[in-house]
Amino acid sequence: MTRYSLGTTVGEAASLARMAEQAESAGFETLWTSEMFHDPFLPLAAAATNTSRIGLGTSIALAFVRSPWVTALSALDLDVLSGGRFILGLGTGLKRLNERWHGVAYGKPTPHIRECLQVIRLISEQAHTGDPIRFRGQYYDIDIQGWKRPLSPVRERIPIYLAGVREGMIRTAAEVADGLLGHPIYSLHWIREVVLPSLSRGLAEASRRREDFHLCLAVCCAIGDDVKAARRAAAATIAFYATVNTYEPLFTPFPSEVRRIQAALMLGDSAAMVDAVSEEMVDAFAVAGRADEARRRVSAYSDLADTICLTPPDQLIEPGEAETYRTRLLETFTD
-15 MTRYSLGTTV GEAASLARMA EQAESAGFET LWTSEMFHDP FLPLAAAATN
35 TSRIGLGTSI ALAFVRSPWV TALSALDLDV LSGGRFILGL GTGLKRLNER
85 WHGVAYGKPT PHIRECLQVI RLISEQAHTG DPIRFRGQYY DIDIQGWKRP
135 LSPVRERIPI YLAGVREGMI RTAAEVADGL LGHPIYSLHW IREVVLPSLS
185 RGLAEASRRR EDFHLCLAVC CAIGDDVKAA RRAAAATIAF YATVNTYEPL
235 FTPFPSEVRR IQAALMLGDS AAMVDAVSEE MVDAFAVAGR ADEARRRVSA
285 YSDLADTICL TPPDQLIEPG EAETYRTRLL ETFTD
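Just so we're aligned, residue -15 is where the sequence shown starts under this note's numbering, counting upward by one.
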C-alpha cells in the first residue's frame, strides 16, 4: 500500500496546524514544514497539540544557520510535544542563501553536514545523562560540561533525514542519516539514474541495509479540473527552480527552455519565465491535471520510495492558489 506524506511551504502557523489535523484524518503519514517562509519548527509545535498519530517533520530545516545545540533542543522539545512523532529533516541550503541571507560560513557542504549531524546526535542523545559532550572537527569544536537537561527524552534516538539533490549528498545521507528527503523536482529519470544508484552506493559503503533506511520522494502535484491552470501552476514552480545553479544537472534535458527562463529572470519577467517552461518539462518534473490522472501518474513513484511526499506548487503563484492545490491533494489522496 502506498504511503503518502504532505509537504507545505506557505500558510500561517494556525492554518498549518489545521492542515495537520486534516492530513491526519485523510490518512497521511507525515506533515512536513519547510524554511522557505517560516521557521520550520514553530508550526509543528502547534500541529503537535492538535494531532495524535501523524508524523511531524521539517523538510527542511537549514542545518548551518543554527548551532547544533539549538537544533538538538528544538528536536527534543518537539518530540516531547508530539509524543515521539517528530522527524528532524536537515539540508544544507544554497551557498548564497547561507552566506548572504544568514551571514554564516558554508564551507564544503558534505563534510559540514556530516559533522553537524554528528553533533546534533551527540547532544540530543546525551543531554539527559549529564555526561560531558565533546566533539572536535573541521566545523565544530564542542565541549559541554557540567550541564544536564532535567527532562527524559521520549525516544533514545530521534530520526534525522537529510535532503539531497546531487550524488555526493545522496550518498552522504545513505551513510550517516536515517532517511533521504527527495526534492520536489526530481524527475523519474533522475530518481532512477542518479538517486537510487547513489543511495545504493552510500548504503554499501556504510555496510547498511536498505530496509533500515527511509526514502521519501517528493512530487510537485497540482490537481484541478482546470487542467491548463494546474499545469501552469506546476510550470511556475519548475521555472523557479530552473534558475538555481545547484539544480542545473536536473534540467540537462531542457537546455533551450532553461536559457529562456533565465533570460526572463534577468528581465524580472516572471510571466515569461513560466511561459518558457515546455509541456515536456511539466510532464518530467510534476504531476498536473485532474484527480484521476494525478493518481495514475503518482503511482509510478510507488515502487521507488518508502513514502511519497505530495507537495503543491508554491513558487511564482499566489498563496491562495497553493492553498487550493494543497486542499485538492488531501481530497484526492485520502486513505
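We put the CB at the ideal spot given by N, CA and C, even for glycine.
All values derive from a computational prediction rather than experimental measurement.
Inset, instruction - Note down, in chain order, each residue of its chain lying with its Cβ closer than 7 Å to the Cβ of V178, except the 5 sequence neighbours on either side. - result: Counting from one through the sequence shown, the residue named residue 178 turns up at place 194. Counting only Cβ-Cβ distances below 7 Å, and skipping sequence neighbours, we find E151.
Legend entry - Residue ranges of each beta strand (DSSP E) within the region 161 to 194, 3 or longer: 163 to 165
Inset, instruction - Return the residue from the list S108, V149, T42 that minimises the CA-CA distance to R133. - result: Taking the sequence shown and counting its residues from 1, the one referred to as residue 133 is at position 149. Nearest option by C-alpha distance: S108.
Inset, instruction - Indicate whether L62 and I169 have their beta-carbon atoms separated by less than 9 Å. - result: One-based indexing of the sequence shown puts residue 62 at position 78. One-based indexing of the sequence shown puts residue 169 at position 185. Contact flag unset, no.
Legend entry - Option in L164, L26, A202, G130 with minimal Cα separation from N184: On the sequence shown, position 200 is the one that residue 184 refers to. Contrary to the premise, residue 184 reads as Ser rather than Asn in this sequence. For S184, the nearest C-alpha among the options comes from L164.
Legend entry - 9 Å Cβ cutoff met for T42 and F25: Numbered from 1 along the sequence shown, position 58 holds the residue referred to as residue 42. Numbered from 1 along the sequence shown, position 41 holds the residue referred to as residue 25. Yes, they are a contact pair.
Legend entry - Per-residue DSSP class, three states only, for D125: Position 141 of the sequence shown, counting from 1, holds the residue named residue 125. Of the three classes helix, strand and coil, the one that applies to D125 here is strand, per DSSP.
Inset, instruction - Taking only runs that begin and end inside the region 66 to 117, name each unbroken alpha helix (DSSP H) of 4 or more residues, in chain order. - result: 93 to 110
Legend entry - Candidates P181, R139, H86: closest to R105 by CA position: Numbered from its first residue, the sequence shown carries residue 105 at position 121. The shortest C-alpha separation from R105 is found at R139.
Inset, instruction - Give the C-beta separation of A217 and P297 to the nearest angstrom, bearing in mind that I take them to be a contact with Cβ-Cβ under 8 Å. - result: For this step, residue 217 is matched to residue 233 along the sequence shown. For this step, residue 297 is matched to residue 313 along the sequence shown. Yes, A217 and P297 are in contact; Cβ-Cβ is about 4 Å, under 8 Å.
Inset, instruction - Please list, in chain order, all residues of the same chain as G68 whose beta carbon is under 7 Å from its beta carbon, the five residues on each side excluded. - result: Counted from its first residue, the sequence shown places residue 68 at position 84. The answer, listed in chain order, is V138, R139.
Legend entry - Residue nearest to S136 in terms of C-alpha spacing, selected from P143, Y124, Q110: Against the sequence shown, residue 136 aligns to sequence position 152. The option with the nearest alpha carbon to S136 is Q110.
Legend entry - Span of the alpha helix (DSSP H), counted from its first residue to its last, around L135: Counting from one through the sequence shown, the residue named residue 135 turns up at place 151. Premise fails: L135 is in no alpha helix (DSSP H) and is neither H nor E.
Legend entry - Alpha-carbon spacing of A(-2) relative to D115, whole angstroms: For the purposes of this step, residue -2 is identified with residue 14 of the sequence shown, where counting begins at 1. For the purposes of this step, residue 115 is identified with residue 131 of the sequence shown, where counting begins at 1. Whole-angstrom Cα-Cα distance: 38 Å.
Legend entry - Residue span of the alpha helix (DSSP H) that contains T33, given as start and end: Start at 1 with the first residue of the sequence shown, and residue 33 comes out as number 49. That run of the alpha helix (DSSP H) goes 26 to 34.
Inset, instruction - Go ahead and pull the three-state DSSP assignment for A284. - result: Along the sequence shown, read from residue 1 onward, the residue named residue 284 stands at position 300. In this structure, A284 counts as helix in the three-state DSSP scheme.
Inset, instruction - With distances taken Cα to Cα, identify the nearest neighbour of R155 among D125, L199, G130. - result: Counting from one through the sequence shown, the residue named residue 155 turns up at place 171. Closest by alpha carbon: L199.
Inset, instruction - Hey, could you find the ends of the alpha helix (DSSP H) A270 is sitting in? - result: Taking the first residue of the sequence shown as 1, we reach residue 270 at position 286. A270 -> no alpha helix (DSSP H), and no H or E assigned at all.
Inset, instruction - Could you pull out every residue in the same chain whose Cβ sits closer than 7 Å to the Cβ of E241, ignoring the five residues on either side in sequence? - result: Working through the sequence shown from its first residue, we reach residue 241 at position 257. Here the set comprises A260, V261, S262, M265.
Legend entry - Residues near E8 in its chain [Cβ-Cβ closer than 7 Å; skip 5 each side]: Here residue 8 refers to the residue found at position 24 when the sequence shown is read from its first residue. Excluding sequence neighbours, E8 sits near T35, R37, I38.
Legend entry - Rounded straight-line distance, which links the Cα of Q129 to that of A306: Numbered from its first residue, the sequence shown carries residue 306 at position 322. Numbered from its first residue, the sequence shown carries residue 129 at position 145. Their backbone Cα atoms lie some 47 Å apart in a straight line.
Inset, instruction - Take L146 and list the residues in its own chain whose beta-carbon comes closer than 8 Å to its own, dropping the five residues that flank it on each side. - result: Here residue 146 corresponds to residue number 162 of the sequence shown, with the count starting at 1. So the list reads G73, L74, G75, I97, L101, M153, T156, A157, V160, A161, G163, L164, L165, once near-sequence residues are dropped.
Inset, instruction - Starting from L199, follow the beta strand (DSSP E) in both directions and report where the run begins and ends. - result: Position 215 of the sequence shown, counting from 1, holds the residue named residue 199. 198 to 207 is the span of the beta strand (DSSP E), which, as asked, contains L199.
Legend entry - Closest residue to D267 among P303, A206, A30 (Cα-Cα distance): As a first step, residue 267 is located in the sequence shown; it is residue number 283 there, counting from the start. Selected option, being the one with the closest Cα: A206.
Legend entry - Inter-residue spacing [alpha-carbon to alpha-carbon] between E13 and Y(-12): Counting from 1 along the sequence shown, the entry for residue 13 is found at position 29. Counting from 1 along the sequence shown, the entry for residue -12 is found at position 4. Their backbone Cα atoms lie some 6 Å apart in a straight line.
Inset, instruction - List the residues that DSSP assigns as beta-bridge partners of R120. - result: As a first step, residue 120 must be located in the sequence shown, where it is residue number 136. Answer is D125, bridged to R120.
Inset, instruction - Decide if W85 is buried, meaning its Cβ has at least 16 other Cβ atoms within 10 Å, or exposed. - result: Within the sequence shown, residue 85 is the residue found at index 101, counting from 1. Per the 10 Å Cβ criterion, exposed.
Legend entry - Sheet register partners of G(-9) (DSSP bridge): For this step, residue -9 is matched to residue 7 along the sequence shown. DSSP output for G(-9) lists W16 as bridge partner(s).
Inset, instruction - Inspect the beta-carbon positions of L300 and A202 and report whether they are closer than 9 Å. - result: Working through the sequence shown from its first residue, we reach residue 300 at position 316. Working through the sequence shown from its first residue, we reach residue 202 at position 218. Cβ atoms of L300 and A202: not closer than 9 Å.
Legend entry - Same chain, Cβ closer than 8 Å to A29, five either side skipped, listed in chain order: In the sequence shown, the residue the question calls residue 29 occupies position 45. Contacts found: D61, L62, L65.
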